[in-house]
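Novice: Numbering (my numbering), first residue to last: 103 to 292.
Backbone N, C-alpha and C fix where the C-beta goes; we use that ideal spot for every residue, glycine too.
Take a look at the following structure, please.
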């Protein structure tokens, strides 16, 4: 005769646990408004703390890549790597003369520290100096699913020595997936 799955588990005195179904969340990458440059930033640490790096990709309102870079931080935490990526984006934007800047990161805690001016003490002086040079600065958070290019760069940066960096005034020469404003990206959450 037929015994149901739950009856078998009960007879064997095994606990059952019903798993909640995953929720699907749509994510979008948006181009900056005309006159602005948007930079997606990311930090990565292989361990927490561990060998860390940052990655950046700058684009204009036509989604053209203006520059891509990554660099090494030595031993650092994930939070510091995410924060250092934001400061590096500010430094490069000032150097390139991009005064209308939109910084987007996938770390809520790092971005909140900049929005509330509670930046890591090692980066605070650079943040305060840069803030005064960028009159039109937008800070926002998005999901990692729409931060693919910066994520790839930061992982490469985590393999570099502290202070070592690479920059291209274009898309990276290696095969890099890049976000598209006409695409929908998906996040699966419990």
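Whole-angstrom Cβ separation of residue 251 and residue 281, contact assumed at under 8 angstroms?
Specialist: About 6 angstroms separates the two Cβ atoms, so the contact holds.
Novice: Leaving aside the five residues before and after residue 142 along the sequence, list all residues of the same chain whose C-beta is less than 6 angstroms from its C-beta, in chain order.
Specialist: Excluding positions up to five away in sequence, the list reads 159, 206, 249 and 252.
Novice: For residue 242, is the classification buried or exposed, using 16 other Cβ atoms within 10 angstroms of its Cβ as the cut-off for buried?
Specialist: The residue in question, residue 242, is exposed, as its Cβ has fewer than 16 Cβ neighbours within 10 Å.
Novice: Would you say residue 268 touches the ligand PLP, meaning its beta carbon is less than 7 angstroms from a heavy atom?
Specialist: Annotation note on the ligand PLP: not contained in the displayed structure, which lists no ligands.
Novice: Tell me which residue opens and which closes the beta strand (DSSP E) that residue 149 is part of.
Specialist: 139-149 is the span of the beta strand (DSSP E), which, as asked, contains residue 149.
Novice: Distance, Cα to Cα, residue 163 vs residue 132?
Specialist: Roughly 9 angstroms between the two C-alpha positions.
Novice: What's the gap between the Cα of residue 223 and the Cα of residue 115?
Specialist: The straight-line gap from Cα to Cα measures roughly 55 angstroms.
Novice: Hey, quick one: how far does the beta strand (DSSP E) through residue 158 stretch, first residue to last?
Specialist: Unbroken beta strand (DSSP E) run through residue 158: 152-161.
Novice: Could you name the residues of the same chain whose beta carbon sits closer than 6 angstroms to that of residue 180, not counting the 5 residues immediately before and after it, in chain order?
Specialist: Closer than 6 angstroms at Cβ, skipping near neighbours: 147 and 150.
Novice: Can you tell me whether residue 110 is buried or exposed? The criterion is at least 16 other CB atoms within 10 Å of its CB, across all chains shown.
Specialist: So residue 110 counts as exposed.
Novice: Just to confirm the assignment: which complete alpha helix (DSSP H) runs, minimum length 4, are found wholly within the region 205-276?
Specialist: Segments of the alpha helix (DSSP H) lying fully in the region 205-276: 210-217, 223-235 and 250-259.
Novice: From this set, 255, 263, 289 and 264, which residue's C-alpha is nearest residue 295's C-alpha?
Specialist: Only positions 103 to 292 of the chain appear in the structure, and residue 295 is not among them; the question remains open.
Novice: Within the same chain, show all residues whose beta-carbon is closer than 6 angstroms to that of residue 221, passing over the 5 residues directly before and after it, in chain order.
Specialist: Excluding positions up to five away in sequence, the list reads 215 and 229.
Novice: So what does DSSP say about residue 187, is it helix, strand or coil?
Specialist: Looking at residue 187 - three-state DSSP - the assignment turns out to be helix.
Novice: Could you pull the start and end residues of the beta strand (DSSP E) that residue 128 belongs to?
Specialist: Run containing residue 128: 125-129, per the beta strand (DSSP E) assignment.
Novice: In or out: residue 161 buried (at least 16 other Cβ within 10 Å) or exposed?
Specialist: Per the 10 Å Cβ criterion, buried.
Novice: With residue 110 as the anchor, note down where its alpha helix (DSSP H) starts and where it stops.
Specialist: That run of the alpha helix (DSSP H) goes 107-113.
Novice: Bridge partners for residue 196 per DSSP, in chain order?
Specialist: Answer by DSSP bridge pairing: none, since residue 196 is not bridged.
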